[in-house]
Amino acid sequence: MIKFRFSIFFLTISALLISCGEEETTEDEKIIASVNDVNLTESELLYHLPEGLSESDSLQFVETYTEQWIQEQVVYQKAKEVLPDKSQNVDYQLEDYKRSLLIYTYEQYYIQDRLDTVVPMSEIQQYYDENLEDFVLKDYIVKVVYAKYTPNTPDLEKVDQWYRLKNEDDWINLQSHANLYSVKFFNDTSNWVFFDDILGEVPLTDINKETFIRKKKNITFEEEGMVYYMNVVDSKLQDEISPIEFEHDKIRGILLNIKMNELRKELKSELYKDAQNANIIKVYND
78 MIKFRFSIFF LTISALLISC GEEETTEDEK IIASVNDVNL TESELLYHLP
128 EGLSESDSLQ FVETYTEQWI QEQVVYQKAK EVLPDKSQNV DYQLEDYKRS
178 LLIYTYEQYY IQDRLDTVVP MSEIQQYYDE NLEDFVLKDY IVKVVYAKYT
228 PNTPDLEKVD QWYRLKNEDD WINLQSHANL YSVKFFNDTS NWVFFDDILG
278 EVPLTDINKE TFIRKKKNIT FEEEGMVYYM NVVDSKLQDE ISPIEFEHDK
328 IRGILLNIKM NELRKELKSE LYKDAQNANI IKVYND
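Shown next, in the form of structure tokens:
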């Protein structure tokens with residue numbers, strides 16, 4: 078990477094920040110960098126400089142942008158030198174890209190103005206019921222409670238009973254104790270999580286996941302100077318149908334995407350009919 082002297086950077090950034098909002102240019106505009114006879118000017122940098130940056134972030138942006146500009150110019154100029162004229166004729170490609178970009182931008186504007194992002198639970202349930210084969214689990218998921226303690230924590234012998242969660246008092250006592258003393262405590266049993274994610278927090282080794290989930294359910298052990306307690310409250314095995322609450326957000330996204338595609342079709346249909354009614358479409362067969 079090309080290195081710049083801080084003093085030059087500071088003066089450049091100061092000029093940029095002071096001139097922010099001004100659109101005047103002069104013939105002797107400051108040049109930041111050049112490759113052959115192509116210049117990166119101060120006004121171009123100002124155009125790309127994000128608003129609200131601190132002085133240090135602005136300096137970093139200028140350095141990064143300038144380096145990227147130089148690299149692109151080097152490759153671009155070499156491409157112009159080496160490629161045949163036919164390969165350099167990108168006008169049609171640029172026009173296609175511009176047209177696609179404008180269409181996409183207008184479609185997004187149209188969709189955002191009309192899309193109802195509220196997806197009723199009834200629609201989510203219907204999609205789930207009609208597409209169960211798409212929701213076969215590829216891994217194990219669980220609802221789980223686990224706690225991590227140092228070995229000298231008071232009342233661990235009580236935790237050894239509470240974490241089995243045999244009654245409501247066990248829940249209350251475990252939460253109260255864990256909130257006070259645990260190094261880490263997880264008790265969100267309203268949401269499903271991947272069992273592998275839990276194993277990243279609770280270092281069980283050399284276990285058969287399916288056997289453990291089916292039969293063991295809860296375990297306590299000491300590992301690397303920490304005492305762990307884990308209770309699998311509920312579970313789903315690999316190749317079972319995933320519960321709807323685990324797929325809720327995914328299905329909502331699918332249904333919203335369907336609605337967006339319908340709005341795109343609606344937009345094209347409306348504009349096509351308007352163009353036909355205005356008699357501005359002509360097809361020449363000869």
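If you want this note's numbering, it's the position in the sequence shown, counting the first as 1, plus 77. In this text, a Cβ means the ideal position worked out from N, Cα and C, and glycines have one as well.
On a Cα-Cα basis, can you pick out the residue from Tyr361, Glu140 and Trp269 that is closest to aspartate 216?
By 1-based counting over the sequence shown, the position of residue 216 is 139. With distances taken between Cα atoms, aspartate 216 lies closest to Trp269.
Would you check if the stretch 104 to 118 and the stretch 133 to 150 touch, i.e. whether three or more CB-CB distances between them fall below 8 Å?
yes
CA-CA distance, serine 133 and leucine 209?
In the sequence shown, counting from the first residue as 1, residue 133 sits at position 56. In the sequence shown, counting from the first residue as 1, residue 209 sits at position 132. If I take the Cα positions, the gap works out to 53 Å.
Quick one: Cα of lysine 155 to Cα of aspartate 162, how far?
Here residue 155 refers to the residue found at position 78 of the sequence shown. Here residue 162 refers to the residue found at position 85 of the sequence shown. Whole-angstrom Cα-Cα distance: 13 Å.
Give the DSSP-derived three-state secondary structure of alanine 110 in the structure shown.
Here residue 110 corresponds to residue number 33 of the sequence shown, with the count starting at 1. Reduced to three states, the DSSP call for alanine 110 is strand.
On the DSSP bridge assignment, give the partners of serine 312 in chain order.
To locate residue 312, count along the sequence shown from 1; it is residue 235. Paired residues: Val219.
Rank Lys235, Ile188 and Thr282 by C-alpha distance to the C-alpha of lysine 342 and give the top, closest one.
As a position in the sequence shown, residue 342 is number 265, starting the count at 1. Closest option to lysine 342, Cα to Cα, is Ile188.
For isoleucine 357 and leucine 344, I'd like the C-alpha separation in whole angstroms.
As a position in the sequence shown, residue 357 is number 280, starting the count at 1. As a position in the sequence shown, residue 344 is number 267, starting the count at 1. Roughly 17 Å separates the two Cα atoms.
Just to check, is the beta-carbon of aspartate 351 closer than 7 Å to a non-hydrogen atom of the ligand COA?
The ligand COA is not part of this structure, which contains no ligands at all.
From leucine 251 to threonine 227, what distance separates their C-alpha atoms?
As a working mapping, residue 251 is identified with position 174 in the sequence shown. As a working mapping, residue 227 is identified with position 150 in the sequence shown. Taking the straight line from one Cα to the other gives about 15 Å.
Which residue comes first and which comes last in the alpha helix (DSSP H) that contains asparagine 354?
Reading the sequence shown from its first residue, position 277 is the one you call residue 354. That run of the alpha helix (DSSP H) goes 321 to 354.
Between isoleucine 318 and valine 213, is the Cβ-Cβ spacing less than 8 Å?
Sequence index remark: in the sequence shown, residue 318 carries index 241 (1-based). Sequence index remark: in the sequence shown, residue 213 carries index 136 (1-based). Yes, the Cβ-Cβ distance between isoleucine 318 and valine 213 is below 8 Å.
Beta-carbon within less than 8 Å of proline 231's beta-carbon, same chain only, minus the 5 sequence neighbours each way: which residues are those?
Indexing the sequence shown from 1 puts residue 231 at position 154. Tyr258.
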